[in-house]
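To convert, take the position in the sequence shown, counting from 1, and add 31; that gives the numbering used here.
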Amino acid sequence: MAKKVSLMGYGCLRCGHEWLPRNKNNEPKVCPKCKNPYWDRPKKNKKFSKKSENIKKAQDKCLRKTYKTLGKGALK
């Protein structure tokens, strides 16, 4: 039966690409697939989720105001 071998490599947190380094002494500067220099840092999506929350709140507020102004039959 064959032995299992584990190799130490790198993985891009932006595009998901995994690779084995050519030079084991130096850490890579960019991802070889997407060429991103921030390959070792995850994306920050908090800005977009916060923005979409604010848009949703504004839409709800507008709908409530329309509902109050026009009456119960306005949104049917």
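Glycine is no exception: its CB is placed at the ideal position from the N, C-alpha and C atoms.
- Within the same chain, show all residues whose beta-carbon is closer than 6 Å to that of CYS43, passing over the 5 residues directly before and after it, in chain order. Cβ neighbours of CYS43 beyond the five flanking positions: CYS62, TRP70.
- Message: I'd like to confirm the pairing. Which residues does DSSP put opposite GLU49 in its beta bridges?
- Response: The partner list for GLU49 (beta bridge, DSSP) reads GLY42.
- Message: Going by DSSP in three states, ASP71 sits in which element: helix, strand or coil?
- Response: coil
- Leaving out five residues on either side along the sequence, give the residues of the same chain with a beta carbon under 7 Å from the beta carbon of LYS64. CYS43, CYS46, HIS48
- Have a look at TYR41, LYS88, PRO73 and flag the residue whose alpha-carbon is nearest the alpha-carbon of PRO59. TYR41
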